[in-house]
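Asker: Numbering (our numbering), first residue to last: 12 to 487.
Ideal Cβ positions, reconstructed from N, Cα and C, are used throughout, including at glycine.
Model, not experiment: these values are computed from the prediction.
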């Protein structure tokens with residue numbers, strides 16, 4: 012990667028999901044700071060809003076010496092007077108696709124040291140405003156990250172390289188004549204070989220089954236994905252906490268325990284973190300167009316990130332398990348997936364008749380290329396006793412604050428018979444009860460022991476008023 016950048020070539024890092032593209036980029040940025048301390052200009056990282064906070068957190072954790080600025084929200088710099096800030100060497104600016112598009116008149120006046128585009132399949136449509144904005148950016152080097160550089164059509168590849176190395180694949184009409192027509196219509200092997208020869212120096216791609224890396228991979232790789240609440244979720248979250256704390260303030264400690272208010276509050280906060288529709292008990296009608304899909308998805312950063320990850324898993328011919336403790340959320344996921352992918356979505360929950368449960372498992376476990384690649388599971392119904400080794404990606408959409416229960420669910424895939432590395436992702440909403448409980452679990456093992464007991468989450472009722480407020484209030 013470093014050698015390509017020295018010669019100002021653009022590069023696509025296209026490793027499989029779970030092989031650490033983010034960490035590789037962080038290591039690369041540290042290498043640049045060490046070997047080229049006086050290199051002018053900042054680095055701009057553009058990613059979906061859903062993973063903006065995750066990037067920020069990973070950079071802070073693994074590269075605390077790098078200065079990281081979040082260019083997002085109403086207080087961001089948007090005027091020419093702020094341009095000198097963007098010229099400071101080795102400063103990292105993080106922004107989203109949407110913010111970049113809105114601020115492009117400002118951004119195109121800046122010469123960056125480097126531009127890094129995460130989930131670059133989002134710029135596959137060369138004519139979209141988003142892609143047009145990205146191609147206006149100026150920098151010494153450019154890197155794109157994507158587990159799926161091509162999803163459907165070769166024109167997506169041209170759009171990617173038109174940003175990375177303009178002119179390498181010719182103009183769009185030239186590319187259509189030389190490659191798209193002979194390859195997509197006639198499967199011309201000579202054209203395929205020629206295209207591979209041109210682009211291969213500029214794409215780094217490793218898959219989990221590669222012999223060169225398979226022995227270095229852990230059998231199970233657990234990661235946390237930190238996300239932000241949407242505006243609607245923030246409003247609902249704050250209102251619920253404030254109203255409940257007022258109600259609790261009028262109760263004695265003993266009466267508070269008996270009311271069940273706190274445990275009810277925890278459930279509702281989890282629902283808000285998942286999707287406003289779940290908390291508000293709004294049923295999702297059948298989805299019949301893309302605008303309706305985007306409207307529903309945009310209300311939940313968890314859902315946005317889940318769809319991005321699912322796209323990548325499916326395009327790689329792999330299978331995914333998605334756990335949620337709420338059947339309502341499972342219903343929402345099933346409807347969204349059915350519209351988006353147009354194939355059968357398996358859903359294993361407590362309401363499935365016994366005679367149909369084996370059929371669901373058999374369909375998922377089938378090695379037939381046509382077998383369904385997505386299985387949604389209710390944590391209680393599908394968390395134990397099942398063998399689901401065809402899945403090698405596990406998503407915990409919401410958290411069950413009993414580590415043993417989550418581990419049991421993960422072990423549906425991570426067990427004897429599993430032939431691949433299992434990647435486990437736990438979604439956590441930043442600044443909410445989800446993050447705070449996760450921190451407590453990490454820092455206080457005695458607390459984890461309490462949660463593992465049959466008392467479940469009732470230990471929270473024992474907290475002082477001040478501790479309870481600190482735990483529940485939304486933080487920045």
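Output the distance between the C-alpha atoms of residue 173 and residue 317, rounded to the nearest integer angstrom.
Answerer: Position 162 of the chain shown holds residue 173. Position 306 of the chain shown holds residue 317. Using only the alpha carbons, I get a separation of about 28 Å.
Asker: Considering only DSSP beta bridges, list what residue 438 is partnered with.
Answerer: As a position in the chain shown, residue 438 is number 427, starting the count at 1. In the DSSP output, where bridge partners are listed per residue, residue 438 has 236.
Asker: Have a look at residue 36 and residue 15 and give me their C-alpha separation to the nearest angstrom.
Answerer: As a working mapping, residue 36 is identified with position 25 in the chain shown. As a working mapping, residue 15 is identified with position 4 in the chain shown. Roughly 14 Å separates the two Cα atoms.
Asker: Using the beta-carbon count (16 or more within 10 Å), is residue 200 buried or exposed?
Answerer: Position 189 of the chain shown, counted from the first residue, corresponds to residue 200. Residue 200 is exposed by the Cβ-count criterion.
Asker: Between which residues of its own chain and residue 19 is the CB-CB distance below 8 Å, once the five residues before and five after are set aside?
Answerer: What you label residue 19 is simply residue 8 of the chain shown in a count that begins at 1. Excluding sequence neighbours, residue 19 sits near 151 and 152.
Asker: Measure the C-alpha to C-alpha separation of residue 343 and residue 103 and round it to an integer number of angstroms.
Answerer: Counted from its first residue, the chain shown places residue 343 at position 332. Counted from its first residue, the chain shown places residue 103 at position 92. Residue 343 and residue 103: Cα-Cα distance of roughly 37 Å.
Asker: With DSSP run on the structure shown, which of helix, strand or coil describes residue 466?
Answerer: For the purposes of this step, residue 466 is taken as the residue at position 455 of the chain shown. Unreliable placement is indicated for residue 466, whose pLDDT of 48 sits below 50; the coordinate value is still reported in the next sentence. Of the three classes helix, strand and coil, the one that applies to residue 466 here is coil, per DSSP.
Asker: Tell me whether residue 79 sits in a helix, a strand or coil according to DSSP, three-state version.
Answerer: If you number the chain shown from 1, residue 79 lands on position 68. In this structure, residue 79 counts as strand in the three-state DSSP scheme.
Asker: Could you tell me if residue 320 is buried or exposed, where buried requires 16 or more neighbouring beta carbons within 10 angstroms of its beta carbon?
Answerer: Here residue 320 refers to the residue found at position 309 when the chain shown is read from its first residue. Under this definition residue 320 is a buried residue.
Asker: What three-state label does DSSP hand residue 293 in the structure shown?
Answerer: On the chain shown, residue 293 is found 282 positions in, with the first residue counted as 1. Residue 293 falls in the coil class under three-state DSSP.
Asker: Give every residue of the same chain whose Cβ lies closer than 7 Å to the Cβ of residue 96, excluding the five residues on either side of it in the sequence, and list them in chain order.
Answerer: Taking the chain shown and counting its residues from 1, the one referred to as residue 96 is at position 85. 88, listed in sequence order.
Asker: Unbroken alpha helix (DSSP H) runs of length 4 or more, entirely within the stretch 120-172: which are they?
Answerer: Fully enclosed alpha helix (DSSP H) runs of 4 or longer: 140-146.
Asker: Within 10 angstroms of the Cβ of residue 323, are there 16 or more other Cβ atoms? Answer buried if so, exposed if not.
Answerer: The count along the chain shown starts at 1 and reaches residue 323 at position 312. With 16 or more other Cβ atoms from the protein chains shown falling within 10 Å of its own Cβ, residue 323 counts as buried.
Asker: Less than 8 Å between the CB atoms is what I'm expecting for residue 284 and residue 60, so what's the real figure, rounded?
Answerer: Sequence index remark: in the chain shown, residue 284 carries index 273 (1-based). Sequence index remark: in the chain shown, residue 60 carries index 49 (1-based). Contact between residue 284 and residue 60 does not hold, since their C-beta atoms are separated by about 16 Å, which reaches or exceeds 8 Å.
Asker: Determine the extent of the beta strand (DSSP E) in which residue 406 is found, giving its start and end residues.
Answerer: By one-based count along the chain shown, residue 406 stands at place 395. Unbroken beta strand (DSSP E) run through residue 406: 404-407.
Asker: Work out the CA separation of residue 182 and residue 166 for me, nearest whole Å.
Answerer: Mapped onto the chain shown, residue 166 falls at position 155. Mapped onto the chain shown, residue 182 falls at position 171. CA-CA distance, residue 166 to residue 182, rounds to 11 Å.
Asker: To the nearest angstrom, how far is the alpha carbon of residue 154 from that of residue 85?
Answerer: Start at 1 with the first residue of the chain shown, and residue 154 comes out as number 143. Start at 1 with the first residue of the chain shown, and residue 85 comes out as number 74. Each residue's alpha carbon lies about 28 Å from the other.
Asker: Rounded to whole angstroms, what is the Cα-Cα separation between residue 282 and residue 40?
Answerer: Start at 1 with the first residue of the chain shown, and residue 282 comes out as number 271. Start at 1 with the first residue of the chain shown, and residue 40 comes out as number 29. If I take the Cα positions, the gap works out to 38 Å.
Asker: Can you tell me which of 127, 128 and 111 puts its alpha carbon nearest to the alpha carbon of residue 120?
Answerer: Numbered from its first residue, the chain shown carries residue 120 at position 109. Cα-wise, what sits closest to residue 120 is 111.
Asker: With a threshold of 6 Å on Cβ separation, who are the neighbours of residue 74 within its own chain once the five nearest residues in sequence on each side are excluded?
Answerer: Residue mapping note: residue 74 aligns to position 63 of the chain shown, counting from 1. Hits under 6 Å: 37 and 41.
Asker: Give a yes or no on contact between the stretch 431-440 and the stretch 402-421, applying the rule of three or more CB pairs nearer than 8 Å.
Answerer: yes
Asker: DSSP three-state call for residue 87: helix, strand or coil?
Answerer: For the purposes of this step, residue 87 is identified with residue 76 of the chain shown, where counting begins at 1. Note: residue 87 maps to coil in three-state DSSP.
Asker: Residue 214 and residue 415: beta carbons closer than 7 Å?
Answerer: Taking the chain shown and counting its residues from 1, one reaches residue 214 at position 203. Taking the chain shown and counting its residues from 1, one reaches residue 415 at position 404. No, the Cβ-Cβ distance between residue 214 and residue 415 is not below 7 Å.
Asker: Would you tell me roughly how many angstroms separate the C-alpha atoms of residue 77 and residue 169, rounded to the nearest one?
Answerer: On the chain shown, position 66 is the one that residue 77 refers to. On the chain shown, position 158 is the one that residue 169 refers to. Looking at the two C-alpha atoms, the distance is approximately 33 Å.
Asker: According to DSSP, residue 107 sits in a beta bridge with which residue or residues?
Answerer: Taking the first residue of the chain shown as position 1, residue 107 is located at position 96. According to DSSP, which records beta bridges pairwise, residue 107 is partnered with 58.
Asker: Mind pulling the beta strand (DSSP E) runs of 3 or more residues that sit fully within the stretch 271-341?
Answerer: 331-335
Asker: Comparing alpha-carbon positions, which option in 345, 230 and 242 lies nearest residue 430?
Answerer: Walking along the chain shown from the start, residue 430 turns up at place 419. Closest option to residue 430, Cα to Cα, is 230.
Asker: Check whether the stretch 386-394 and the stretch 329-345 touch, using three or more Cβ-Cβ pairs below 8 Å as the test.
Answerer: yes
Asker: Does the structure place the stretch 49-65 close enough to the stretch 123-137 that three or more beta carbon pairs sit under 8 Å?
Answerer: yes
Asker: Can you give me the Cβ contacts of residue 463 inside the same chain, cut-off strictly under 8 Å, excluding the 5 residues immediately before and after it?
Answerer: Locating residue 463 in the chain shown gives position 452, where the first residue counts as 1. Summary for residue 463: the model assigns pLDDT 44, below 50, so the residue's position carries little reliability, and this model does not support an answer.
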